[in-house]
Amino acid sequence: MEFATTNLESCYHENISLSADGTAVVILDQTLLPNEERLIELRGADELYEAIYSLRIRGAPAIGIFAAYALYIFALGLPPCEPAAFREQTLGFSARLCSARPTAVNLARQLQRMETIVRKHGNAPRADQLAAMKGEAEAIRCEDIEMCRAISEHGLTLIGEGQGVLTHCNAGPLATSRYGTGLGAILLARERGINLRVYCDETRPLLQGARLTVYELMKAGVDCTLICDNMASIVMKEGKIDAVFVGADRVARNGDAANKIGTSGVAILAKHYGIPFYVFCPSSTIDPDCASGGEIVIEQRPPQEISQLYFEKPIAPAGAKCYNPAFDVTDSSLISAIVTEGGVHRGPYDFSDKEQ
Ligand code: MRU
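Numbering (our numbering) for the sequence shown: 4 to 359.
Spelled out as structure tokens, the structure:
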């Protein structure tokens, strides 16, 4: 696809890179945003795993890209050993990284790509194996940048001057390698002089909407308004919303889409008010092996995220029973279109072929 000259630099974060000496992955620690923009260097196995688990790096595409670099950095740090031991330890760490977050398919998919490289170059000299792994991680990152650019262009065809968009969670540059998916079109609109009004769900319990989406949109100069999750209905009823834009962590063959907890409720509200509900994702988020949303594993997170985190004092009685699923699945019948780098897909969906 050909693009008009674009420049989304206003909101570009170098959020996944290698350190100057090449021995660490450098990320912007998203748990500290928006109060502190701190780059952290990660090289040990435990800290690489923890960065995904604790959402220092988050968003389906971003964790896939990060994991690819993390596996390379882990392999780089292995002491001299036989090729079989090198392969075994690297594949073992890949399995561990993959277990950090089960819902986002990008994590498993990009690690599978890295594992293929490890197996393919299994008997090559160590330096050649490492060069191949580094090259693959870089390719994954570059592909994501191009996919997000294309998604943003397609997304821009769905909105117009003065319209209101509701977002949930964060599907911006922080969640990818550069432009974002659900926010990509909004940023592109800003760049092209199209004025939008964006309402951002705060997104309980980890507040990615309040902390990250509003941070990104304010940085880019987009007119954005923060609302609590339970205000989505009123802003829709008041006529403030013309479209809902969300990302996805895994899209099943039939178009059912897993995304941040609360997304399916927003989709149900949108249907009630007759507002189009759009899902944006790269084809690496589509899982053709998953027939429908019922097969998607939903990540469960610690109860403290609901009962304590982000509050000065715990807000629930000690020991309160909590249920903390991190994602839910939006039924494909509620989705007006799924936007990938290949275009705007409308139902009935059939993603048997993942090159969409
Ligand atoms: O738990 P998170 O913050 O990783 O959840 C992220 C989301 O749900 C995003 O909407 C999704 O990954 C799409 S990111 C382009």
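Built from N, CA and C at the ideal position, the CB exists for glycine as well.
Buried versus exposed call for histidine 275 [16 or more other C-beta atoms within 10 Å across all chains shown]:
exposed
Alanine 48 to glutamate 308 span [Cα, whole Å]:
24 Å
Limits of the beta strand (DSSP E) - the one that glycine 167 falls within
167-170
Note down the Cα distance separating glutamate 5 from aspartate 252, rounded to an integer number of angstroms.
The predicted position of glutamate 5 is uncertain, since its pLDDT is 49 and thus under 50; a value taken from the coordinates is nonetheless stated next. When rounded, the distance between both Cα atoms is 27 Å.
For valine 121, which beta-bridge partners are listed by DSSP?
Paired residue(s): none; valine 121 is not in a bridge.
Express the C-alpha separation of leucine 21 and histidine 171 in angstroms, rounding to a whole number.
30 Å
Tell me the DSSP bridge mates of lysine 263?
Phe330
Whole-angstrom Cβ separation of valine 342 and histidine 157, contact assumed at under 8 Å?
5 Å
For leucine 133, which of Ser335, Gly95, Ile143 and Met117 has the nearest alpha-carbon?
Met117
Same chain only: Cβ atoms within 8 Å of leucine 42, ignoring 5 sequence neighbours per side:
Val29, Ile30, Leu31 and Asp32
Go ahead and pull the three-state DSSP assignment for tyrosine 281.
strand
If you count every other CB in all the chains shown that lies within 10 Å of the CB of leucine 220, and 16 or more means buried, which is it?
buried
Using a threshold of 7 Å, is the CB atom of alanine 251 nearer than that to any non-hydrogen atom of the ligand MRU?
yes
Is any heavy atom in the ligand ZN found nearer than 7 Å to the beta carbon of leucine 312?
With respect to the ligand ZN, the structure offers nothing, as its ligand set consists of the ligand MRU.
Taking Cβ positions, are aspartate 331 and aspartate 259 nearer each other than 8 Å?
no
Per DSSP, what are the beta-bridge partners of glycine 346 in this structure?
Thr343
With respect to the beta strand (DSSP E) encompassing arginine 200, which residues constitute its N-terminal and C-terminal limits?
200-204
Contact set for glutamate 91: own chain, Cβ-Cβ below 6 Å, skip 5 residues either direction
none
Of the residues Val254, Leu199 and Arg129, the one placed nearest isoleucine 289, counting alpha carbons only
Val254
DSSP state of arginine 214 mapped onto helix, strand, coil:
helix
With distances taken from CA atoms, which of Ala321, Lys243 and Tyr313 is nearest glutamine 211?
Tyr313
Can asparagine 327 and proline 208 be called in contact, C-beta distance under 8 Å?
yes
Are the region 99-111 and the region 120-130 touching by the rule of at least three beta carbon pairs closer than 8 Å?
no
Smallest Cα separation from alanine 261: which of Ala54, Ile338, Phe69 and Pro279?
Ile338
Whether isoleucine 271 touches tyrosine 202 by CB criterion (8 Å):
no
What are the start and end residues of the beta strand (DSSP E) that includes alanine 107?
Careful: alanine 107 lies outside any beta strand (DSSP E) and carries neither H nor E.
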